[in-house]
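My numbering puts the sequence shown at residues 17 to 433. Working notes, beginning with the structure itself.
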Amino acid sequence: MKVLVVGSGGREHSICWKLSQSPKVTALYCAPGNGGIAQVATCVPIKATDVDAMVTWAKEQAVDLVMVAPDDPLALGMVDALEAEGIPAFGPRKNAAIIEASKAFSKELMKKYHIPTAKYETFTDMDAALAYLDAQGAPIVVKADGLALGKGVIVAQTVAEAKTAVRDMMEGGKFGASGATVVIEECMTGPEVTVLAFCDGEHIVPMPSSQDHKRAFDGNRGPNTGGMGAISPSPNYTPALARRCIDEIFLPTVAALKAAGRPFRGVLYFGLMLTPDGPKVVEYNARFGDPECQAVLSLLESDLLDILLACRNGTLDSLDIRWRDEAACCLVLASGGYPLSYQKGFPITGLDEAGKTAVVFHAGTAQKDGQTVTAGGRVLGVTATGGELNAAIDAAYAAASQIHFQDMHFRTDIGRS
Ligand code: AMP
Ligand code: GLY
17 MKVLVVGSGG REHSICWKLS QSPKVTALYC APGNGGIAQV ATCVPIKATD VDAMVTWAKE
77 QAVDLVMVAP DDPLALGMVD ALEAEGIPAF GPRKNAAIIE ASKAFSKELM KKYHIPTAKY
137 ETFTDMDAAL AYLDAQGAPI VVKADGLALG KGVIVAQTVA EAKTAVRDMM EGGKFGASGA
197 TVVIEECMTG PEVTVLAFCD GEHIVPMPSS QDHKRAFDGN RGPNTGGMGA ISPSPNYTPA
257 LARRCIDEIF LPTVAALKAA GRPFRGVLYF GLMLTPDGPK VVEYNARFGD PECQAVLSLL
317 ESDLLDILLA CRNGTLDSLD IRWRDEAACC LVLASGGYPL SYQKGFPITG LDEAGKTAVV
377 FHAGTAQKDG QTVTAGGRVL GVTATGGELN AAIDAAYAAA SQIHFQDMHF RTDIGRS
């Protein structure tokens, strides 16, 4: 089969790496891809959000399956556009991807179907939002309704801070149209866990749990990033909790989407907080998380292509998906200054040495004059596995110590904070 993966980050590299191991994949393409993905797939210079160009290219090449990995093209309806042209595509349609693209929608869905989450109100009127903040007090959480590159959430410690966030979003136009509607919700506490799940519209197969590390610096300090590292499985996610999440959160969510006429086929991301009152949903995403995907897929034994096809065909329940009974750690090596401003174009050394004991997924790299250079904020995801979590963490750090580029920054406490 000819397979096209849409996207260009570490997540897409790990998806291509896994698909390239499938004997059924005869040709693998990635659009636009990056300097590392080029080692396992043919990169096609089409922007991930260019729906028309993607459909045209996939049709010309008679691609058998398009795997749409990032949130933006899913929210734009790339899967719908591909299917309208008869091209099989993996990922939720636009009407189901809304579970990530609109927090107001997802909160409403959870309320209607009694899925545990933080108490909230939605506002399109700024004065009403400000009055609500006065009434509720702090700490409190302010969220832009739409997609905002993971930066549209402010966990405010004071009412003044929350009011500034509301004004920035609703009056200042921060996040554009995404901030015209805001969700204000109760501040929850507890460890965070990610559970990614394959869905075929009706059935759901959770993958091993994982844990992202969103803050830029050690000790969970500094600004929020796209994610500085991930471990899988999460030591906090016990079998008893897993049972409870399946019954109280995962199955009800898939049933709710189906009942709403929005069957979800793809990877559903459950961002959970293990609060003193039990597990609650922090957020849904309509795709694999990054870097969680890099850690989780490195534990997958089964053929990923079979799973993607089963999600499309509604046959997920008849598939036996196998995982290695091990642990994984993905350590992100970032450009100094990320997530704010940083420089690009620095040569990267030590990739071959690191690759002997870990899989080095590329997030933001490019090939220049025969050399791999930095080309983004998150540059590499050094991913290692081990029998125990600590062994996986040590192996990821040992491999990363071989790699150098100017201003390289990473957290020293992934899996240990
Ligand atoms: P989100 O983009 O919705 O995942 O939010 C980003 C981060 O903000 C989450 O990973 C949490 O750490 C934090 N957060 C979001 N909502 C809440 C909440 N209701 N209570 C406490 N922390 C939250
Ligand atoms: N790692 C969080 C996300 O992909 O949204």
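Beta carbons are placed, not taken as given, at the ideal position from N, Cα and C, and that holds for glycine.
Alpha carbon of residue i to alpha carbon of residue j, nearest angstrom
i	j	result
residue 473	residue 79	Beyond the ends of the chain as shown, which are 17 and 433, falls residue 473; an answer cannot be given.
residue 160	residue 199	6 Å
residue 152	residue 137	11 Å
residue 376	residue 43	22 Å
residue 290	residue 260	11 Å
residue 201	residue 171	10 Å
residue 18	residue 55	17 Å
residue 316	residue 339	5 Å
residue 107	residue 117	14 Å
residue 60	residue 350	25 Å
residue 399	residue 429	15 Å
residue 242	residue 303	14 Å
residue 133	residue 423	40 Å
residue 222	residue 77	33 Å
residue 362	residue 413	21 Å
residue 272	residue 224	23 Å
residue 84	residue 267	24 Å
residue 197	residue 140	5 Å
residue 142	residue 286	29 Å
residue 275	residue 125	11 Å
residue 94	residue 348	29 Å
residue 417	residue 370	8 Å
residue 24	residue 321	19 Å
residue 32	residue 251	28 Å
residue 355	residue 232	7 Å
residue 113	residue 281	9 Å
Cβ neighbour criterion (16 or more within 10 Å) applied to residue i
i	result
residue 404	exposed
residue 75	exposed
residue 319	buried
residue 237	exposed
residue 331	exposed
residue 277	exposed
residue 176	exposed
residue 249	buried
residue 49	buried
residue 245	buried
residue 207	exposed
residue 173	exposed
residue 130	exposed
residue 127	exposed
residue 57	buried
CA nearest to the CA of residue i, picked from the options
i	options	result
residue 86	102, 315, 347, 110	110
residue 216	155, 339, 125, 105	105
residue 182	146, 130, 156, 72	146
residue 368	35, 34, 52	52
residue 73	49, 103, 211	103
residue 324	144, 142, 229, 284	284
residue 35	422, 162, 81, 399	81
residue 432	420, 406, 132	406
residue 180	196, 162, 158, 194	158
residue 209	229, 101, 197, 362	229
residue 279	194, 214, 355	214
residue 295	264, 272, 270	264
residue 353	393, 220, 144	393
residue 235	427, 32, 23, 22	427
residue 120	307, 299, 370, 305	299
residue 218	57, 30, 333, 410	333
residue 135	308, 297, 31	297
Residues bridged to residue i (per DSSP)
i	result
residue 228	246
residue 339	316
residue 139	198
residue 378	396
residue 424	351
residue 63	According to DSSP, which records beta bridges pairwise, residue 63 is partnered with nothing at all.
residue 92	Its beta-bridge partners do not exist; DSSP assigns none.
residue 159	169, 199
residue 401	344
residue 285	212, 301
residue 291	294
residue 83	21, 106
residue 409	Its beta-bridge partners do not exist; DSSP assigns none.
Beta-carbon separation (whole angstroms), residue i vs residue j, contact threshold 8 Å
i	j	result
residue 88	residue 64	7 Å
residue 239	residue 203	Between residue 203 and residue 239 the Cβ distance is about 18 Å, and since that is not below 8 Å, they are no contact.
residue 71	residue 28	About 19 Å; that fails the 8 Å criterion.
residue 90	residue 47	The pair is not a contact, with the Cβ atoms about 15 Å apart (cut-off 8 Å).
residue 402	residue 311	The pair is not a contact, with the Cβ atoms about 12 Å apart (cut-off 8 Å).
residue 388	residue 360	Wrong, their Cβ atoms sit about 12 Å apart, outside the cutoff.
residue 366	residue 419	4 Å
Beta carbon proximity, residue i to chain B, threshold 8 Å
i	result
residue 358	In the structure shown, chain B cannot be found, because there is only a single protein chain.
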